[in-house]
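For reference, the structure is listed below as C-alpha cells.
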Amino acid sequence: MRTFYIFNINKSFYNLMKNNPYHLFKAMEDIHSFDESDVSIAYDLFMQIVSPFDKSKINNLVFNLSKDNDFYSKFHNVHRIQNKYIPEDSMLVVNKAFLLLESNVLKPSFLNELKEYHNLFVCDFKNKDYFWLNELVCL
99 MRTFYIFNIN KSFYNLMKNN PYHLFKAMED IHSFDESDVS IAYDLFMQIV SPFDKSKINN
159 LVFNLSKDND FYSKFHNVHR IQNKYIPEDS MLVVNKAFLL LESNVLKPSF LNELKEYHNL
219 FVCDFKNKDY FWLNELVCL
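Residues are numbered in this note's numbering as their position in the sequence shown, beginning at 1, plus a constant of 98.
Right, here's the structure in full:
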C-alpha cells in the first residue's frame with residue numbers, strides 16, 4: 099500500500115524549487131517528522147510553503163471526472179475507486195492543508211484527475227518518492 103501526500107505549493111516556492119524538488123521533499127519530510135513539541139514551528143514552516151486547497155473545488159472536480167466510473171464512490175470528502183479487474187483500491191481524502199491518497203498501485207487513477215493543477219507536489223515519505231504531478235507521464 100502506498101501513501102501519497104499531495105501538497106499545493108505556493109507559486110513563489112514552486113518557482114524556486116521546480117527544478118530541484120529534492121530540497122522541497124526534504125523540507126516536507128522534516129515537517130512531516132517533527133515531534134509534538136515543535137508543532138508550532140512545523141506549522142509556520144508548512145504555511146510558508148503551501149497554499150490551502152479549495153476543498154469544494156477539488157471535491158467537485160474529482161466527482162465530475164469520476165462519476166461515470168462504475169468503480170467510483172464518494173462520501174463527504176473521501177473518494178474511492180475499487181476496481182477488482184485492474185486491481186486498484188485507491189482512496190483520496192480531501193483536506194484543506196493536503197490531499198491524502200492511499201493506493202495499492204503505483205499510479206492511482208486519481209492522479210490523472212488532479213494533473214490540471216500545476217503546483218501539486220506529491221510525496222510518499224515511507225518510500226522516499228516525490229514528484230511534481232504535472233510532470234508525471236500520462237497514466
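Ideal Cβ placement from N, Cα and C applies to all residues, glycine included.
Three or more beta-carbon pairs separated by less than 8 Å are not found between the stretch 126 to 144 and the stretch 167 to 182, which leaves the two stretches without contact.
In chain order, Val160 and Leu190 place their CB closer than 6 Å to the CB of His177, counting only its own chain and leaving out the 5 sequence neighbours on each side.
In the structure shown, the three-state DSSP call for Ile139 is helix. Of Ser201, Leu218 and Trp230, the smallest CA-CA separation from Asn106 is found for Leu218. Contact check for Cys221 against Phe123 passes: the beta carbons are separated by less than 8 Å.
Using a Cβ distance threshold of 8 Å, Ser201 and Arg100 count as a contacting pair. Counting the other Cβ atoms within 10 Å of the Cβ of Pro185 gives fewer than 16, which makes it exposed.
With at least 16 other beta carbons inside 10 angstroms of its own, Ser188 counts as buried. Under the DSSP assignment, Leu198 falls in the beta strand (DSSP E) whose first and last residues are Leu197 to Ser201.
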